[in-house]
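Student: Under the numbering used here, the sequence shown has 92 at position 82, and the numbering climbs by one with no breaks. Quick reminder that beta carbons are idealized off the backbone N, C-alpha and C, glycines included. Every value quoted in this text rests on a predicted model; they were computed, and no experiment measured them.
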Amino acid sequence: MEFKRYNTFEELVNYKQDWNALLSQSASHVPFLTYEYLKTWWETRGGGEWPQDSQLVLVAAFQEDHLVGIAPLFHSNNILDKPALMFVGAIEVSDFLDFIVTPEDLPAF
């Protein structure tokens, strides 16, 4: 499994269909994890809930050039003003945020 980090959703736009197909096979198949939902959430930082200087950290896992896992994360200060790595979509707007990976690939991811 090869891991790549992306700093924008645009870098993964060619994998949008693969992202959503992987989500449909994921243990956490919820609408709050679709490419479109998380990209929109990120563009507005949850309606202004998070600072504009937050940094997107999308980690994608590939196996033989096939997308097998996504960690949709961002770095910002949390509610205690401490640096934290959180799921894109956090905290109050979206439910059931998780890694996007099939149950079979979860241990390796």
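1. Can you give the Cα-Cα distance for V69 and T18, rounded to whole angstroms?
2. When the Cα of V98 is compared with those of D108, L90, K92, which residue comes out closest?
3. Could you give the distance in angstroms between the alpha-carbon of V67 and the alpha-carbon of E74?
4. Where in the segment 56-106 do unbroken runs of the alpha helix (DSSP H), each at least 4 residues long, occur, reported from the N-terminal end onward?
5. Report buried or exposed for L32, applying the criterion of at least 16 other Cβ atoms within 10 angstroms of its Cβ.
6. Count the other CB atoms, across all protein chains shown, that sit within 10 Å of the CB of S36; report buried if there are 16 or more and exposed otherwise.
7. Tell me whether the beta-carbon of W60 lies closer than 8 Å to the beta-carbon of S38.
Tutor: Reading from the atomic positions:
1. Spanning the two alpha carbons is a distance of roughly 11 Å.
2. For the residues D108, L90, K92, the minimum Cα distance to V98 belongs to D108.
3. Using only the alpha carbons, I get a separation of about 22 Å.
4. Listed in chain order, there is nothing to give.
5. Using a 10 angstroms sphere on the CB of L32, the tally of other CB atoms reaches 16 or more, which defines it as buried.
6. With 16 or more other Cβ atoms within 10 Å, it is buried.
7. No, they are not a contact pair.
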